[in-house]
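Engineer: Position 249 of the sequence shown, counting from 1, maps to 248 under numbering that gives the first Met the number 0, and the rest follow consecutively.
A single structure is presented below for examination.
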Amino acid sequence: MEAAAPQVPVALVPLNDAPRALGDGDPLDGVDLSILRSRTATYLKEEDRERLERAALFAAEAHLGQFRSSGEPYVSHPVAVAEILAEWHLDAQALIAALLHDVMEDTDITKQAIADAFGKVSAELVDGVSKLDKIEARTHEEAQAENFRKMFLAMARDVRVILIKLADRLHNMRTLDAVRPEKQRRVARETLELYAPIANRLGLNNLYRELQELAFRYLFPMRYRVLSKAVRAARGNRREIVGKLLGAIQERLPMWQIDAEVWGREKHVYGIYRKMVDKHLTFSQVLDIYGFRIVVKDIPTCYLTIGALHELYKPVPGKFKDYIAIPKANGYQSLHTTLFGPYGTPIEVQVRTHEMNQVADSGVASHWLYKESEGPLSDIQQRTHNWLQSLIELQSTSGDSTEFLEHVKIDLFPGEVFVFSPKGKIFNLPRGATVVDFAYAVHTDIGNRCVACRINGDLMPLRTELKNGDQVEVVTASHASPNPAWLSYVRSGKARAQIRHFLKTAQQDESVALGERLLAQALRAHGLTPAALNKLVWDRFLRDAGARERNEIYTDIGLGKRLPAVVAKRLANAVESVGVEGVEGQPIRPKPAGAILIRGSEGMAVQLARCCRPIPGDPIVGLLRKGQGMEVHLNDCPNLSRNRADRERWVDVEWESETERLFDVQIRVITENRRGVLAKIAAAIAEEHSNIQHVSMDGEGAVHHQIYFTLQVGDRLHLARLMRAVRRIPEVVRIARLKASEARPG
């Protein structure tokens with residue numbers, strides 16, 4: 000959006016006023032409406048065109064005295080935006096919203112005033128495009144993320160919001176010369192990262208290409224000038240080759256009774272640049288690839304045309320892509336093939352029908368989602384509708400606006416991986432997607448409960464990257480839950496958002512329970528229990544602490560953000576300030592706080608330190624780490640001693656008498672170099688009902704071997720029985736549990 004001059008009072012135009020003629024003193028004087036009038040005359044009713052005239056005058060009066068950085072009257076910008084939308088044949092409500100899209104942001108006019116003058120629908124569209132009035136954000140990035148969040152949610156309700164915004168961005172990019180260089184780069188980067196991908200996602204191919212070209216021009220001006228000059232210089236040399244290839248194709252197709260339109264595709268500067276960077280090609284190598292588009296009457300003729308082309312020139316193996324049978328996520332359909340032309344010249348060809356060509360250029364703009372229709376949604380309508388609804392789901396599972404925008408950006412770069420469910424349903428996933436991405440694409444519950452998978456009938460790890468044509472079957476278990484490690488390899492925005500949402504919810508629930516136990520322990524030193532504190536004490540404390548409810552305090556304690564001793568002290572002070580009535584029942588006599596009992600299966604709020612791997616029966620100490628909960632260490636762990644200065648974060652913990660899981664422990668076994676000794680040790684471990692998680696060996700070729708095992712045991716007694724069993728093997732020289740300082744990976 001351009002900077003505007005100081006605002007002036009606005010006279011609202013009554014809806015029943017007749018369109019005013021342009022002339023001296025008119026707010027629209029100097030603004031040409033002829034293009035907008037000619038474009039809308041072909042498809043809008045007369046009454047809609049009259050409303051459009053009133054909206055143009057309304058906008059001109061609202062922006063009177065405001066100018067763009069170029070010096071033009073500000074109203075010229077919304078008029079240009081409406082012209083772009085009229086070229087796409089948008090309806091009157093959208094065009095009115097385009098003319099008024101800046102009045103709420105740049106003037107004192109309210110949403111209600113727009114609704115009164117031009118209807119509720121146009122007012123909602125203007126509101127969806129407008130930025131938030133007051134955003135409490137620490138940085139420009141956070142403010143922008145919140146703006147985009149609002150815009151995307153409005154877009155999910157009505158796709159016209161984003162079409163208006165895209166037209167707005169296109170005109171701003173076309174007139175970006177007038178602003179300072181640093182703003183040019185910021186706007187260009189934003190366009191390249193967000194608006195161009197949105198246009199692509201909605202199938203607006205022409206808009207997508209133009210936004211990319213304009214953004215590249217301002218983001219990398221030197222590269223743009225050099226490549227543009229090189230393209231112009233090469234254009235004359237290429238014309239003769241393109242003409243010969245075009246003539247050969249046009250001569251061959253009638254032999255197959257194919258009536259087609261054929262033309263050479265001009266390469267865009269940004270497309271050339273991306274191909275040079277991504278494929279490490281020189282400029283001449285990229286320019287040596289010639290592109291053609293062939294448009295025919297129907298789908299059978301598309302496939303017949305491919306046959307004719309493959310007879311004319313040999314196809315490059317692996318370069319045929321059928322986007323008719325399996326359309327892209329944005330509804331794009333076409334057949335792509337690459338041919339070996341004369342003298343080995345690569346030729347890229349796209350074959351499609353007239354309708355497919357229209358969709359490729361106009362995308363969702365060729366099939367309005369919001370038009371009233373009794374028929375079912377077309378394929379492109381359904382795909383766009385599904386994506387817009389997924390934005391609402393992403394919003395509900397994202398922690399904040401910045402995270403939401405991150406997830407949307409991931410989904411704006413769809414890949415080329417098409418996989419199948421066991422029932423044959425096709426799923427389009429980003430390049431590099433794994434089984435976990437597929438599971439979440441099927442359903443959120445499938446993703447949350449997946450434990451294994453079969454790819455083309457073979458059992459494979461969940462992190463396996465999927466390839467085109469894979470048939471994927473997900474195996475689930477009712478007790479399973481998302482693993483934080485999944486975040487390191489998932490590619491889709493939905494999978495990332497759902498995993499984060501599940502982990503945050505689970506961590507919060509576990510942190511509340513841990514925080515409550517830690518506070519109860521700390522209160523005992525003051526002769527208090529949580530149950531004894533009445534609402535008056537808690538209200539006083541919560542007000543002073545700036546929290547809304549007790550669970551916020553418990554969560555902060557469980558995550559290590561607040562120290563339980565400090566909270567207990569402040570609660571005790573609150574009791575004194577409100578008097579004895581703040582304590583229900585008789586206060587208990589102060590005594591040393593008891594240890595927190597843990598089972599080792601509390602979840603993410605209580606984590607067993609990987610540096611020393613404590614197991615039930617070991618003497619242990621808890622360490623509160625800010626934002627991570629409590630970490631349990633052996634009491635002689637070197638890492639614990641490094642935090643000795645921060646003793647307030649230490650917590651007395653003990654093992655419960657019964658635990659419900661197995662724990663990892665590392666041992667070192669020194670053996671004689673004899674055949675079969677590893678098998679004997681593994682058998683002894685199995686007989687003691689222990690699992691081997693990892694094994695490694697040192698001393699290859701020496702008299703003795705050192706074998707390191709990561710095992711799973713129930714407690715220290717279980718480990719002692721296992722070590723005695725291994726020690727009885729004749730070849731075993733020595734066996735010991737590894738100390739924290741000796742711990743090895745695995």
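Backbone N, C-alpha and C define an ideal beta-carbon position, used for all residues, glycine too.
Going by the beta-carbon positions, is the gap between Q92 and V120 smaller than 8 Å?
Structural biologist: yes
Engineer: Let me check understanding here. Comparing Cα to Cα, which of H62, V489 and T352 lies closest to A438?
Structural biologist: Nearest C-alpha to A438: V489.
Engineer: Out of curiosity, what's the CA-to-CA distance linking E653 and P196?
Structural biologist: 54 Å
Engineer: Have a look at the DSSP bridge pairing and note the partners of C449.
Structural biologist: T475
Engineer: How many whole angstroms separate the CB atoms of A594 and D651, which I take to be in contact at a CB cut-off of 8 Å?
Structural biologist: 4 Å
Engineer: Hey, how far is the Cα of D786 from the Cα of L226?
Structural biologist: Outside the shown range of the chain (0 to 745) lies residue 786, about which nothing can therefore be said.
Engineer: For F66, which of helix, strand or coil comes out of DSSP?
Structural biologist: strand
Engineer: List the whole-angstrom C-beta distance separating L502 from V605, where the pair is believed to meet the contact cut-off of C-beta under 8 Å.
Structural biologist: At roughly 15 Å, the Cβ-Cβ gap does not stay under 8 Å, so L502 and V605 are not in contact.
Engineer: Helix, strand or coil: which one does DSSP assign to A735?
Structural biologist: strand
Engineer: Can you tell which of R727, P220, K320 and R612 has its C-alpha closest to the C-alpha of V712?
Structural biologist: Selected option, being the one with the closest Cα: R612.
Engineer: For F419, list the residues DSSP reports as bridge partners.
Structural biologist: I425 and Q470
Engineer: Since S121 is in the alpha helix (DSSP H), which residue starts that stretch and which ends it?
Structural biologist: K119 to V128
Engineer: If Y289 sits next to V358, beta carbons under 8 Å apart, how far is it from one beta carbon to the other, in whole angstroms?
Structural biologist: 24 Å between Cβ atoms; not a contact.
Engineer: Can you check which of these residues, H442, L461 and L165, is closest to A432 by C-alpha distance?
Structural biologist: L461
Engineer: Could you tell me which residues DSSP puts in a beta bridge with V261?
Structural biologist: For V261, which the question treats as bridged, DSSP gives the partners I293.
Engineer: Between the C-alpha atoms of A735 and I669, what's the straight-line distance to the nearest angstrom?
Structural biologist: 9 Å
Engineer: Only counting runs of 4 or more residues, tell me where the alpha helix (DSSP H) segments fall wholly within the stretch 657-743, in order along the chain.
Structural biologist: DSSP runs (the alpha helix (DSSP H)) wholly in the stretch 657-743: 676-686 and 715-726.
Engineer: Let me know the secondary structure DSSP gives F754 once reduced to three states.
Structural biologist: Because the chain in this structure spans residues 0 to 745, residue 754 falls outside the shown range and cannot be described.
Engineer: Can you give me the Cβ contacts of A247 inside the same chain, cut-off strictly under 7 Å, excluding the 5 residues immediately before and after it?
Structural biologist: L311
Engineer: L716: buried (16+ other C-beta within 10 angstroms of its C-beta) or exposed?
Structural biologist: With fewer than 16 other CB atoms across the displayed protein chains lying within 10 angstroms of its CB, L716 is exposed.
Engineer: Could you check if A20 is buried or exposed, using at least 16 other CB atoms within 10 Å of its CB as the buried criterion?
Structural biologist: Confidence in A20 is poor, its pLDDT being 39 and thus under 50, which makes the residue's placement unreliable; the coordinate value appears in the next sentence. Its Cβ having fewer than 16 others within 10 Å, A20 is exposed.
Engineer: For Y322, count the other beta carbons within 10 Å of its own beta carbon; 16 or more makes it buried, fewer makes it exposed. Which is it?
Structural biologist: Buried.
Engineer: V664 to L710, Cα distance in whole Å?
Structural biologist: 5 Å
Engineer: Would you check if the stretch 621-630 and the stretch 674-685 touch, i.e. whether three or more CB-CB distances between them fall below 8 Å?
Structural biologist: no
Engineer: Is R156 helix, strand or coil when you go by DSSP?
Structural biologist: R156 falls in the helix class under three-state DSSP.
Engineer: Just verifying my parser: in three-state terms, what is the DSSP assignment at H632?
Structural biologist: strand
Engineer: Quick test of your reading: I113 and L98, contact by CB under 8 Å. State the CB separation rounded to the nearest angstrom.
Structural biologist: So it is not a contact: roughly 11 Å between Cβ atoms.
Engineer: Report the option in T281, E347 and R231 whose CA atom is closest to the CA atom of V261.
Structural biologist: E347
Engineer: Taking the straight line between their C-alpha atoms, what separation do you get for R733 and K493?
Structural biologist: 52 Å
Engineer: Roughly how far, in whole angstroms, is the beta-carbon of V471 from the beta-carbon of I445, given that I think they are within contact range, below 8 Å?
Structural biologist: Contact doesn't hold; Cβ gap of about 11 Å is too wide.
Engineer: Do D714 and P618 have their C-beta atoms closer together than 8 Å?
Structural biologist: At a Cβ-Cβ threshold of 8 Å, D714 and P618 do not count as neighbours.
Engineer: Tell me whether E509 is buried or exposed, calling it buried when 16 or more other Cβ atoms sit within 10 Å of its Cβ.
Structural biologist: buried
Engineer: Going by beta-carbon coordinates alone, are K164 and V128 separated by less than 8 Å?
Structural biologist: yes
Engineer: Does DSSP put L14 in a helix, a strand or coil?
Structural biologist: Only weak support is given to the placement of L14: the predicted model assigns it a pLDDT of 36, under 50, and the question is left unresolved by the model.
Engineer: Anyone know if the C-beta pair for L35 and E82 falls short of 8 Å?
Structural biologist: yes
Engineer: How about R539 and A564: are their beta carbons less than 8 Å apart?
Structural biologist: no
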